[in-house]
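See below for the structure under consideration.
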Amino acid sequence: SLIQQLFNIPRFQDTVLNPPVITTPDVPLKMVEEFQQLFASLTLSHKRSCDTTPFVLSIPGYDGGPIDPCVQWDCNEFFNMLFDRLENCYRGTPKQYILREEFGGVFSQQLICIGCPHSSNREDPFYSISIETKNKENLLQGLDLFVEDEILSGENAYKCDICNKKVDTRKRGAVHTPPTMLFLHLKRFDFDYEKMVNVKLNHRFSFPHSFDLEPYTVAGLARKDGMALNELEIHEDAEWITRKSHIYHLRGITIHVGMADRGHYYSFLDKKRGRGGTKWVRFDDTKVQEFDPKDIPKEAFGGTETFRKYDKAKREYVKINQTRSYNAYLLVYEHADADQRREYLRNHKSRNQLLSSLSGERVEEPQDVAVGEGEEDKEKDQGNEEEEVTPTSSSTPSSTPSTQEEGSEKGEKVDKNNKIENEKENEKENEKENE
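The sequence shown lines up with residues 1 to 435 when you count with the UniProt record's numbering.
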């Protein structure tokens with residue numbers, strides 16, 4: 001389900017299909033090659049589905065060993081771990097900025113002193129934002145909690161470094177730099193301390209097709225507080241960070257169905273991504289079907305559903321309310337000005353400094369088909385299923401030579417040519433000695 005969401009983002013797809021030449025030692029080159037082959041299969045294969053097993057086995061886990069494809073991961077955790085591995089692979093290459101440009105944002109932890117005019121900020125890069133759903137009805141309420149003030153006072157008061165004394169302080173988080181592609185993780189899993197078990201929160205939690213992130217940014221909160229934007233000490237990318245709106249449009253939804261300790265993921269995504277209309281598709285293992293976005297509330301918000309069931313005792317049909325165990329877990333939004341943002345990042349003269357802020361570290365110049373299990377070649381189903389290629393865990397992806405493999409082949413040819421030239425020189429020397 002996650003692979004399909006990433007495959008539907010053209011710039012990321014192009015990066016995976018055309019990886020940079022990687023010369024850094026101790027990086028998982030096999031992962032880059034398998035990812036390339038998987039995306040090549042999704043692009044070119046005529047099969048109903050593609051096997052993800054070789055790719056998953058090539059990803060180093062937390063212990064350094066391969067990931068077990070039979071163990072289900074939390075979708076958001078896998079997303080962040082995958083990007084951490086890819087970022088490590090691309091470091092030092094001409095494409096080392098790609099992930100941060102397309103998906104990276106910056107989170108700011110603010111401490112605003114009440115008893116004095118001072119404040120401090122700690123900035124951290126992110127690829128996804130986790131949103132609380134417990135006791136919340138919708139995404140905007142979750143975002144409100146995300147930026148809600150916490151007052152530090154008394155023993156918990158913050159010691160101001162400038163005043164050198166403890167003062168009452170407002171502590172809050174906010175988005176410092178909004179990303180081009182915004183991944184929102186809806187926290188549907190919780191821990192029940194009475195029963196001492198993990199539980200899933202299946203209550204209704206709605207989200208809009210479009211929304212403005214500006215009220216939840218550092219600049220937006222500063223405007224709300226009546227603070228001058230020049231007090232924010234923004235040195236790079238100021239035009240983007242301080243703009244008065246950050247509209248995002250929904251491009252994909254990953255659904256979790258099941259319980260806290262087990263379940264299944266599948267995805268809905270807009271294939272056209274708002275370019276020339278919309279075309280929503282459902283990817284569920286080997287099944288690919290067109291999807292009407294009008295059904296998003298029913299299919300992704302959770303809550304309860306009512307259906308009729310025959311009651312033998314009463315000899316009549318009765319209405320039954322049942323909690324939906326299927327609901328959105330990961331939301332993919334794209335900035336309304338994403339294309340202009342991408343062009344800006346490619347051409348900006350201070351690109352290194354800008355991306356340094358996105359990555360949270362000093363940036364140096366570089367040196368030059370549905371995820372699932374099942375059959376490969378089923379006949380096309382009747383109905384509205386589409387001819388889409390989807391990644392699965394049972395078929396083998398078509399092979400596409402990787403950049404590294406091409407490089408090694410060229411190296412072998414050079415070695416052979418050198419060997420032939422050496423043999424010719426030896427023959428000439430022998431002839432001279434005989435004369």
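Glycine included, each C-beta is placed from N, C-alpha and C at the ideal position.
Residues bridged to residue i by DSSP?
| i | result |
| --- | --- |
| MET181 | GLU334 |
| residue 440 | Because the chain spans 1 through 435 in this model, residue 440 falls outside it and cannot be assessed. |
| GLU316 | ASP311 |
| THR169 | CYS113 and LEU152 |
| TYR344 | According to DSSP, TYR344 bridges with nothing at all. |
| ALA328 | ILE255 |
| GLY263 | GLY258 |
| TYR158 | VAL167 |
| ASP192 | VAL197 |
| SER130 | HIS185 |
| PRO60 | PRO66 |
| THR323 | THR304 |
Distance, Cα to Cα, residue i vs residue j?
| i | j | result |
| --- | --- | --- |
| ASP190 | LEU201 | 7 Å |
| LYS136 | PHE205 | 7 Å |
| GLN5 | LEU152 | 40 Å |
| LYS166 | ARG172 | 18 Å |
| ARG170 | LEU29 | 46 Å |
| ASP124 | GLN110 | 11 Å |
| GLY61 | GLU316 | 55 Å |
| PRO63 | PHE307 | The sequence shown places Asp at residue 63, not Pro. Spanning the two alpha carbons is a distance of roughly 47 Å. |
| GLY276 | ASP270 | 11 Å |
| SER58 | TYR333 | 29 Å |
| HIS46 | ARG11 | 23 Å |
| LYS294 | VAL147 | 30 Å |
| GLU94 | ASN321 | For clarity, residue 94 is Pro in the given sequence; the question names Glu instead. Looking at the two C-alpha atoms, the distance is approximately 56 Å. |
| SER239 | ARG273 | A small correction: the amino acid at residue 239 is Glu; Ser does not occupy that position in the sequence shown. Taking the straight line from one Cα to the other gives about 25 Å. |
| LYS106 | ILE253 | Here residue 106 is Val; the residue named in the question, Lys, does not match the sequence. Rounded to whole angstroms, VAL106 to ILE253 spans 23 Å at the Cα level. |
| LYS159 | ASP168 | 9 Å |
| ARG346 | ARG100 | 12 Å |
| ILE131 | ASP292 | 26 Å |
| ASN198 | GLY263 | 13 Å |
| CYS163 | SER120 | 13 Å |
| VAL32 | ARG85 | 10 Å |
| GLU343 | PHE103 | 15 Å |
| ASP339 | PHE126 | 21 Å |
| ASN76 | THR177 | 20 Å |
| LEU42 | GLY65 | 26 Å |
| ASP51 | LEU38 | 8 Å |
| TYR266 | ILE296 | 14 Å |
| PRO208 | TRP280 | 16 Å |
| ASP237 | ARG251 | 25 Å |
| SER108 | PHE301 | 29 Å |
| ASN18 | GLN36 | 8 Å |
Name the two residues that bound the continuous alpha helix (DSSP H) containing residue i.
| i | result |
| --- | --- |
| CYS89 | 75-90 |
| MET31 | 29-44 |
| ASP311 | No alpha helix (DSSP H) contains ASP311, which is instead part of the beta strand (DSSP E) from 304-311. |
| GLY258 | Premise fails: GLY258 lies in the beta strand (DSSP E), 247-259, not in any alpha helix (DSSP H). |
| ALA238 | 238-241 |
| GLN141 | 139-146 |
What residue range is occupied by the uninterrupted beta strand (DSSP E) comprising residue i?
| i | result |
| --- | --- |
| LEU201 | LEU201 -> no beta strand (DSSP E), and no H or E assigned at all. |
| GLU290 | 287-290 |
| ASP124 | 119-126 |
| GLN109 | 105-113 |
| LYS298 | No beta strand (DSSP E) holds LYS298; the alpha helix (DSSP H) holding it covers 296-300. |
Could you check what DSSP says for residue i in three-state terms: helix, strand or coil?
| i | result |
| --- | --- |
| ARG48 | coil |
| GLY411 | With a pLDDT of only 44 at GLY411, under 50, the local geometry of the prediction cannot be trusted, and the value read off the model is given with reservation. DSSP places GLY411 in helix when its eight states are reduced to three. |
| LEU186 | strand |
| ALA219 | helix |
| LYS428 | Unreliable placement is indicated for LYS428, whose pLDDT of 48 sits below 50; the coordinate value is still reported in the next sentence. Here LYS428 sits in helix by DSSP. |
| LEU213 | coil |
| THR53 | helix |
| ILE151 | strand |
| THR93 | coil |
| GLY226 | coil |
| GLY65 | coil |
| GLU365 | The predicted model places GLU365 with a pLDDT of 42, which falls under 50 and marks its position as unreliable; any figure quoted below should be read in that light. If DSSP states are grouped into helix, strand and coil, GLU365 belongs with coil. |
| VAL175 | strand |
| ILE3 | helix |
| VAL21 | coil |
| PRO208 | coil |
| ILE98 | helix |
| VAL71 | coil |
Am I right that residue i and residue j are in contact with their C-beta atoms under 8 Å? What's the rounded C-beta distance?
| i | j | result |
| --- | --- | --- |
| PHE78 | LEU140 | Not really, about 27 Å apart at Cβ, beyond 8 Å. |
| VAL257 | TYR326 | 4 Å |
| VAL133 | LEU186 | Note on identity: in this sequence residue 133 is Thr, with Val being the wrong assignment. Rounded, the Cβ-Cβ distance is 5 Å, consistent with contact. |
| HIS246 | SER210 | About 11 Å; that fails the 8 Å criterion. |
| THR180 | ARG341 | 5 Å |
Compute every distance between the C-beta of residue i and the non-hydrogen atoms of the ligand MG, then say whether any falls below 7 Å.
| i | result |
| --- | --- |
| ASN164 | Among the ligands in the structure shown, none appear at all, so the ligand MG cannot be discussed. |
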